[in-house]
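**Student:** Dumping the structure here so I can ask a few things about it.
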Ligand SMILES: Nc1nc2c(c(=O)[nH]1)N[C@H]1C(S)=C(S)[C@@H](COP(=O)(O)O)O[C@H]1N2
Ligand SMILES: [Mo]
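Set out below in structure tokens:
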């Protein structure tokens, strides 16, 4: 070693940082070419999501909303970068300790990736590549470039070049990878439904600006799932397996499903973690095959009270078997609003069961249906503190106006939902006034949300608007305030509007 010009701690830390970033980029490329979910940062983030207690993840989501995933990735990225800088600084005085620390990091990343459901031992490769690149970089820096300025510039240029090339390669791979899926999606021609959806009627959409449309366009449909990197399912090799407490195991390909009787149904999906007035709810026209008909072919053991659905990334939901068979339109959906299922919404197939929250029914990237019992198995969110399946709570939301209005006639409008019971009335209260009945839109079934509207004669000043719905059983939405944990929020949506 050249002790005449020892590089400073800062220079070593910078070298560690640069080598680590280059390593992460190469790891990302290796994953992009094989299994995107195995990328070091993605795998670490998936692991964090899987292990943090509900209270912590909930607090975080309350704080940052759907920015949770990007922020988690950025946080883990900063943590790994800081660790890389620390390893660089350590290498200066204790090179073997630094090498050991790098090996530990490689092992943690590799273990996180290998442990992810649906990935095998090869998922370790991206993390090992990442650590190997960081290691090689620091080794090279140590032996040749840590002292003279020109050498440092060369080190930076090479490491930066490797990192940039790897990122560009990842970008290319991510375009080609999902693009291949997009090509499959584009190629899939959805058959016409054998049983088309019943049209809700001429007034499914009331006339008010800012009111959610009866059908939510796919691009606007809320997205909730645990996947940091969305599963990319190859439809040509995809199958749906039915097993567990059945007379005979069955397996279906996409062609099998498309060859069955296809039904089309409008069904509103909502998330148990939707706050009062929140937007984790949407209504779509789903095309799919009947879930009970398909299960019946397997011969379901009457003792199997739970249907566990599993996705390609290992996520599970447990639905009550009796509800699946009670005549409601439970579907294995392959189409959403006239298009093949979008990748974010479960391509190539997902479950939709009217009247249940998404976490106990709406499995995306569906690969397995297992008949079992509630005693025998707890699905993903049940082990993390959410309730076993309970009915969706009656909710109503004011979409418009938002904050301000002009005095005179103002259209106050929104949506209300109580899937599978339906909405029979919606009332609006202005300040401390009486509850006033609202006009309701046309709906075809009890499984969708329903628009409501009231022409309000607004006088200048601040006003509080509050909405409440009555479900199809005649039960008025409760004003009692409850948070989303463990089985869905209650309370009335209320807004303050300034009228000029
Ligand atoms: N594979 C998988 N499916 C899943 C989830 C998930 O995390 N992974 N989340 C569920 C939850 S909590 C909800 S609310 C719905 C949301 O469906 P969407 O993203 O299509 O709106 O998907 C359900 N299906
Ligand atoms: Mo959800």
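In UniProt numbering, the protein residues as written are 1 to 500. Glycine included, C-beta positions come from ideal geometry on N, C-alpha and C.
(1) State buried or exposed for residue 70, treating a residue as buried only when at least 16 other CB atoms are found within 10 Å of its CB.
(2) Determine the direct distance from the alpha carbon of residue 304 to that of residue 248, and round the result to whole angstroms.
(3) Alpha carbons only, please: which of 195, 193, 216 and 194 is nearest the one belonging to residue 204?
(4) For residue 495, I'd like the list of residues in its chain whose CB is within less than 7 Å of its CB, leaving aside the five on either flank, ordered along the chain.
(5) Taking just the CA atoms, how far does residue 189 sit from residue 369?
(6) Looking only at its chain, what residues have a beta carbon closer than 6 Å to the beta carbon of residue 11, apart from the 5 residues adjacent to it on each side?
(7) Measuring alpha carbon to alpha carbon, tell me which residue in 378, 448, 266 and 491 is nearest residue 479.
(8) Leaving out five residues before and five after residue 27 in sequence, what residues of the same chain have Cβ atoms less than 7 Å from its Cβ?
(9) Mapping the DSSP letters down to three states, classify residue 4 as helix, strand or coil.
(10) Quick check: what's the CA-CA separation for residue 385 versus residue 460?
(11) Report the three-state DSSP secondary structure of residue 262 (helix, strand or coil).
(12) So does residue 319 have its beta carbon nearer than 7 Å to some heavy atom of ligand 1?
(13) For the stretch 411-422 against the stretch 375-394, are there 3 or more C-beta pairs whose distance is under 8 Å?
(14) Taking 7 Å as the cut-off, is the C-beta of residue 224 nearer than that to any heavy atom in ligand 2?
(15) Taking the beta strand (DSSP E) that residue 243 falls in, what are its first and last residues?
(16) How many angstroms separate the CA atom of residue 45 from the CA atom of residue 116?
(17) With 8 Å set as the bound, which would you pick, yes or no: does the beta-carbon of residue 469 sit closer than that to a beta-carbon of chain E?
(18) Contact between the stretch 260-275 and the stretch 342-360 is defined here as three or more beta-carbon pairs at a separation below 8 Å; is this criterion met?
(19) Could you tell me the distance, in whole angstroms, from the CA atom of residue 438 to the CA atom of residue 214?
(20) Can the beta-carbon of residue 78 be found less than 8 Å from the beta-carbon of residue 48?
(21) Using 8 Å for Cβ pairs, my map puts residue 312 next to residue 231. What's the rounded Cβ distance?
(22) CB-CB under 7 Å to residue 250, same chain, minus the five flanking residues each way: which ones, in chain order?
(23) Quick one: complete alpha helix (DSSP H) runs, 4+ long, within the stretch 51-117?
(24) In its own chain, which residues sit with a C-beta less than 7 Å from the C-beta of residue 87, not counting the 5 before and 5 after it?
**Tutor:** The answer reads as follows:
(1) Result: exposed.
(2) If I take the Cα positions, the gap works out to 14 Å.
(3) The residue among 195, 193, 216 and 194 with its C-alpha nearest the C-alpha of residue 204 is 216.
(4) Excluding residues within five positions, the ones whose Cβ falls inside 7 Å are 398 and 465.
(5) Each residue's Cα considered, the two are about 25 Å apart.
(6) Shown here for residue 11: not one same chain residue has a beta carbon closer than 6 Å to its own, the five before and five after excluded.
(7) Out of 378, 448, 266 and 491, 491 has the C-alpha closest to the C-alpha of residue 479.
(8) Cβ within range, chain order: 39, 40, 126, 127, 129 and 130.
(9) Per-residue confidence for residue 4 stands at a pLDDT of 37, beneath the threshold of 50, marking its modelled position as unreliable; the derived number appears in the next sentence. Of the three classes helix, strand and coil, the one that applies to residue 4 here is coil, per DSSP.
(10) So the two alpha carbons sit approximately 46 Å from each other.
(11) In the structure shown, residue 262 sits in coil (DSSP, three-state: anything other than H, G, I, E or B).
(12) No - ligand 1 has no heavy atom lying nearer than 7 Å to the Cβ of residue 319.
(13) They touch, by the three-pair rule.
(14) Yes - ligand 2 has a heavy atom lying nearer than 7 Å to the Cβ of residue 224.
(15) 240-244 is the extent of the beta strand (DSSP E) around residue 243.
(16) Going by the C-alpha atoms only, they are around 11 Å apart.
(17) Of the chains in the structure shown, none is chain E; there is only one protein chain.
(18) Proximity of the stretch 260-275 to the stretch 342-360 meets the contact definition, three or more beta-carbon pairs being nearer than 8 Å.
(19) In this model, residue 438 and residue 214 are separated by some 17 Å (Cα to Cα).
(20) Going by C-beta atoms, residue 78 is not nearer than 8 Å to residue 48.
(21) With a Cβ gap of about 5 Å, residue 312 and residue 231 count as contacting.
(22) Once the five neighbours on either side are set aside, the close Cβ partners of residue 250 are 242, 297 and 298.
(23) For the stretch 51-117, the full-length alpha helix (DSSP H) segments reaching 4 residues or more read 54-64, 68-93 and 95-115 along the chain.
(24) Within the same chain, residue 87 has close Cβ partners 16, 98, 101 and 102.
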